[in-house]
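A quick write-up on the structure given underneath.
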């Protein structure tokens, strides 16, 4: 079981900004240590398995800085090292978080069950269920489709995080041209959920629009593929 966790962690490294520059010689040792630490805390009885819900609860509690049992927008922004865009977090709360009953005005807070939906979506973006959740967030005006203007608005936040991370400046028009080429929508003026599902790259497109880490992975896909092939050959 620890070997499976090591393999899983190894697959995450290229997408983690703080780890992607790790010396290759140390990578296997790091994965072994991280996997062992995971099971030390999540499998204290040495059964060789860990309760996923317990693991997610621990992640939830780590984000819940004020320890009130729910997550605010600001707290959720710390998920995945803060790589998700502000506009995406806003849309998650608008479309997938119920307003509380505590009388706190318009404030919404994410409970644990909503957090589970959120995490499952981000871990399964290519599934119909995951893409449906994400499309509701991307559909800024609730019209059932995305226009080039929507793509521009969504990617603007990703681009800012990209620049803040010390990367080169992008032409946003080139990005939405690439997205249109990837999706090939039935109607060339708009992208629907059906288009995203049909193109088999919907999860990648969604990642490019909500997560600077997801865009980085797409932008570096050839290098990442080459590294994987070299590791398999080695």
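Numbering (the UniProt record's numbering), first residue to last: 1 to 234. Ideal Cβ positions, reconstructed from N, Cα and C, are used throughout, including at glycine.
With distances taken Cα to Cα, identify the nearest neighbour of residue 150 among 129, 40 and 88. 88
On the DSSP bridge list, what partners appear for residue 86? Partner(s): none; residue 86 has no beta bridge.
Measuring straight from C-alpha to C-alpha, what distance separates residue 31 and residue 6? 5 Å
Check whether the segment 209 to 221 touches the segment 75 to 89, counting contact only when three or more Cβ pairs, one atom from each stretch, lie closer than 8 Å. yes
Cβ distance (whole Å) where residue 115 is taken to contact residue 60 below 8 Å: 5 Å
Rounded C-beta distance between residue 136 and residue 95? I'm assuming under 8 Å. 5 Å
Alpha carbon of residue 68 to alpha carbon of residue 167, nearest angstrom: 37 Å
In chain order, what are the residue ranges of uninterrupted beta strand (DSSP E) at least 3 long that sit wholly in the segment 143 to 184? none
Does the Cβ of residue 64 have 16 or more other Cβ atoms within 10 Å, making it buried, or fewer, making it exposed? buried
For residue 2 and residue 108, I'd like the C-alpha separation in whole angstroms. 38 Å
Measure the alpha-carbon distance for residue 86 versus residue 4 and round it to whole angstroms. 33 Å
Under the rule that 16 or more other beta-carbon atoms within 10 Å means buried, what is residue 222, buried or exposed? exposed
Should the segment 173 to 184 be called in touch with the segment 126 to 134, which here means at least 3 C-beta pairs below 8 Å? no
Using the C-alpha atoms, what's the distance from residue 126 back to residue 104? Its pLDDT being 49, under 50, residue 104 is placed unreliably in this model, and the coordinates cannot settle the point.
Quick one, which of 124, 218, 123 and 92 has its alpha-carbon nearest residue 111's? 92
When the Cα atoms are used, what is the spatial distance from residue 204 to residue 179? 10 Å
For the putative contact between residue 170 and residue 209, defined by C-beta atoms under 8 Å, what is the C-beta separation to the nearest angstrom? So it is not a contact: roughly 13 Å between Cβ atoms.
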